[in-house]
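Here this note's numbering is used: the first residue of the sequence shown is 1, the next is one more, and so on.
Here is the structure we will look at.
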Amino acid sequence: MRKARRCRRPRSRNWTAYGTSQNGKKRMQAELQQELSRRLFAHLDAGTTDVWPEVVRQPVSAYTCPERAERENQELFRRRPLFVGLSGLLPNPGDWITSDETGIPLLIVRGRDGELRAFANVCRHRGARLVEGRGCGAASFSCPYHGWTYDLEGRLIGLPDERNFPGVERDGHRLAPVPVAEKHGMVFVQATPGEPFDVDELLEGMAAELAPYRLEGWTPYSSRRFDFSMNWKIAVDTFLEPYHFPFLHKDTVASIFIGNLCLYDGFGPHLREVLPRHGLREMREKPPEDWDLVDNSALVYVFFPNTAFIVQKDHMEVWRCFPKKGGGPGASTVLFDFYIPEPVRGEKARIHWDKNVDLAVRTVIEEDFPTGETIQAGFAAGVNAHVTIGQNEPAVAHFETTANRYAAA
Ligand code: FES
Ligand SMILES: [Fe+2]
Numbered sequence: 001m002r003k004a005r006r007c008r009r010p011r012s013r014n015w016t017a018y019g020t021s022q023n024g025k026k027r028m029q030a031e032l033q034q035e036l037s038r039r040l041f042a043h044l045d046a047g048t049t050d051v052w053p054e055v056v057r058q059p060v061s062a063y064t065c066p067e068r069a070e071r072e073n074q075e076l077f078r079r080r081p082l083f084v085g086l087s088g089l090l091p092n093p094g095d096w097i098t099s100d101e102t103g104i105p106l107l108i109v110r111g112r113d114g115e116l117r118a119f120a121n122v123c124r125h126r127g128a129r130l131v132e133g134r135g136c137g138a139a140s141f142s143c144p145y146h147g148w149t150y151d152l153e154g155r156l157i158g159l160p161d162e163r164n165f166p167g168v169e170r171d172g173h174r175l176a177p178v179p180v181a182e183k184h185g186m187v188f189v190q191a192t193p194g195e196p197f198d199v200d201e202l203l204e205g206m207a208a209e210l211a212p213y214r215l216e217g218w219t220p221y222s223s224r225r226f227d228f229s230m231n232w233k234i235a236v237d238t239f240l241e242p243y244h245f246p247f248l249h250k251d252t253v254a255s256i257f258i259g260n261l262c263l264y265d266g267f268g269p270h271l272r273e274v275l276p277r278h279g280l281r282e283m284r285e286k287p288p289e290d291w292d293l294v295d296n297s298a299l300v301y302v303f304f305p306n307t308a309f310i311v312q313k314d315h316m317e318v319w320r321c322f323p324k325k326g327g328g329p330g331a332s333t334v335l336f337d338f339y340i341p342e343p344v345r346g347e348k349a350r351i352h353w354d355k356n357v358d359l360a361v362r363t364v365i366e367e368d369f370p371t372g373e374t375i376q377a378g379f380a381a382g383v384n385a386h387v388t389i390g391q392n393e394p395a396v397a398h399f400e401t402t403a404n405r406y407a408a409a
């Protein structure tokens, strides 16, 4: 079996573009930054927040019904492109990653031409899994079972004892392709065959806003995987409102972020939420050209259905939430990836990033998700026919009602 090894950093990218920029205008368009900041100031003055037009009552069955869960598996997770990660996961030709979370094994590989291609990670002989994990610099992939070998474009280039396979055309036994797209440093893949797609179109206007972050230059620092006894949507909800900050996070991030104040904007099924830091109050004393919203907030971009992409002051957090394979509606798998602007140089940087990883993981894994598990467990009591989503939780309302629409029978 092919072994994973450490990837080289790409040769031709500007690794300091983000790290040396202390000017928020370079990370977010100035007009957008000022518009969002003014909306936040108005809310601060009025003691208000962005709101959804009405209270939403989401039936408990959205989290407990096996048929609903199966529809979500098919419609949301297998027939839509899902976010995989940033280009830095596989920066060089021959770099590859695998993914199994939708229940369909996938292999994504960067070709010699620099293009990404994705395939079912399934040998065309008798169907064994071709590779496990991730790796770098591959020239080809050989099946561990009988050695059928494929090149980076999925062509069958090696078939041991081929004379005993009369009529088995190599061309008809390429790896089965699935759609993959890469743009602005982001990679999306669809688990089942379908039409090619474009990241700009997929994200319905959000991609242009993300382009200035120059995500193609970022590098993965840390990845974790967790299983929880809660529906995957409850995991996503965690990231979508600061109403809970002063209560659930009173000992962690409540001292950093303003509670119960957020901005919400929808981009088709996707959304952006701005969670302001307390530093926003000082920022407003400065002239608008010196405002830096990235420094003074967390920007949560939800790539529907399952990814919270969080732009923090100096790093990016990605939380991808999946139904747990074979776990039914009440179980989820959450993948956490932490990206930094440039490769780690020295112990001081490592200590800094470890501290940031620890805070993110501790807050979410020790506070948010255990609470989510109590929600799932509580459904069994039959006390609530629905969960109630307040007008001050607009991103939750957007996400849950969108999921309902896409999973509609
Ligand atoms: S199953 Fe792959 S070579 Fe036989
Ligand atoms: Fe939280």
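The beta-carbon is built from N, C-alpha and C at its ideal position, and this holds for glycine as well.
- In this structure, Phe336 places its C-beta atom within 9 Å of the C-beta atom of Ser223.
- The C-alpha of Arg79 lies about 44 Å from the C-alpha of Lys348.
- For Gly154, the Cβ stays outside the 8 Å cut-off from all heavy atoms of ligand 1.
- Look at which beta carbons fall closer than 7 Å to any heavy atom of ligand 2; those residues are Thr238, His244, Phe245, Leu248, His249, Thr363, Val364, Glu367 and Asp368.
- For Pro288, the secondary structure class from DSSP, reduced to helix, strand or coil, is helix.
- Counting along the chain, Ile157 sits inside the beta strand (DSSP E) bounded by residues Leu156 to Gly158.
- With 5 Å as the limit between CB and the heavy atoms of ligand 1, the residues that fall short of it are Cys123, His125, Arg126, Ala128, Cys143, Tyr145, His146 and Trp148.
- DSSP places Met283 in the helix class (H, G or I) of the three-state scheme.
- Collapsing the DSSP output to three states places Gln58 in a strand.
- For Asp295, the three-state secondary structure derived from DSSP is coil.
- Within the model, the alpha-carbon separation for Ala181 versus Ile108 is close to 11 Å.
- For a cut-off of 8 Å, the C-beta gap from His398 to Leu261 is around 17 Å, too long to register as a contact.
- For Lys233, the uninterrupted alpha helix (DSSP H) segment begins and ends at Trp232 to Asp237.
- Here Val302 carries a strand assignment [DSSP, helix/strand/coil].
- For Val51, no beta strand (DSSP E) segment is defined, and its DSSP state is neither H nor E.
- The three-state reading of DSSP puts Met28 in coil, since its state is none of H, G, I, E or B.
- With three or more CB-CB distances shorter than 8 Å, the segment 228-244 counts as touching the segment 363-381.
- Counting along the chain, Gly378 sits inside the alpha helix (DSSP H) bounded by residues Phe369 to Gly378.
- Per DSSP, Asp337 is one residue of the beta strand (DSSP E) stretching across Ser332 to Ile340.
- With contact defined as three or more Cβ pairs closer than 8 Å, the segment 70-88 and the segment 173-192 are in contact.
- In the DSSP annotation of this structure, the continuous segment of the beta strand (DSSP E) that includes Ile310 starts and ends at Thr307 to Val311.
- In the DSSP assignment, Lys355 falls within the unbroken alpha helix (DSSP H) covering Glu347 to Val361.
- Within the same chain, and ignoring the five residues on either side of Leu32 in sequence, the residues whose Cβ sits closer than 8 Å to its Cβ are Glu209.
- No Cβ-Cβ contact shorter than 9 Å links Tyr63 with Gly327.
- Residue pairing from DSSP places Ile108 in a beta bridge opposite Ile97 and Ala118.
- When rounded, the separation of the alpha-carbon atoms in Arg214 and Ser332 is 31 Å.
- Approximately 7 Å separates the beta-carbon atoms of Gly94 and Cys136; this is inside 8 Å, confirming the contact.
- Between Leu263 and Leu40, the C-beta spacing is below 9 Å.
- Between Glu132 and Thr102, the beta carbon gap of about 17 Å keeps them out of contact (Cβ cut-off 8 Å).
- Per DSSP, the unbroken beta strand (DSSP E) holding Thr388 starts and ends at His386 to Ile389.
- In this structure Leu275 is in contact with Phe257, their Cβ atoms being roughly 5 Å apart against a cut-off of 8 Å.
- The Cβ atoms of Gly154 and Ala176 sit closer than 9 Å to each other.
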